[in-house]
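Okay, structure first, notes after.
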Amino acid sequence: LAALVTAGAAGLKLGHALLAGGRVTRLTALRQAGAEALPLLLGCLPWFVAAALIEGFLTPLAVPAAAKLLFGLLSGGLLAYYLAASAREPADVDAVPADLPGPGAGQPA
């Protein structure tokens, strides 16, 4: 489910670029949003493959419910580790973008 939500967020980012691209053309906004959404989709890919393998091979097996629960908890732990390990430091939101004209362009505010 986490991969579906993340992929949906990437799609919403693309849709937002088409509907409210700002001061650039829609194609430019879509390209920029696509460049930002692509890592989200690529990050979801291993989880979609894992979900397909689990649903295709593990779910139909006649194993005790406790074993399936343990496997689910292990999968959730791996997802939490994956997300924590791939987290980045937040960007400096106080900086003035370098492409803005005027004094202080490219310098922290």
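Residue numbering for the sequence shown follows the numbering used here, beginning at 58 and increasing consecutively.
Just so it is clear, CB atoms sit at the ideal spot from N, CA and C, and this is done for glycine as well.
CA-CA distance, proline 96 and leucine 58? Rounded to the nearest angstrom, the two C-alpha atoms are 18 angstroms apart.
Which one of Gly100, Cys101 and Gly72 has the shortest CA to CA distance from leucine 87? Gly72
How many whole angstroms separate the CB atoms of leucine 98 and alanine 141, which I take to be in contact at a CB cut-off of 8 angstroms? Contact doesn't hold; Cβ gap of about 20 angstroms is too wide.
Going straight from the alpha carbon of glycine 133 to that of alanine 94, what length do you get? 23 angstroms
For alanine 90, count the other beta carbons within 10 Å of its own beta carbon; 16 or more makes it buried, fewer makes it exposed. Which is it? Burial check for alanine 90: the Cβ neighbour count within 10 Å reaches 16 or more, so the residue is buried.
Residues in its own chain within less than 6 angstroms of glycine 78 by CB, not counting five upstream and five downstream? Ala86
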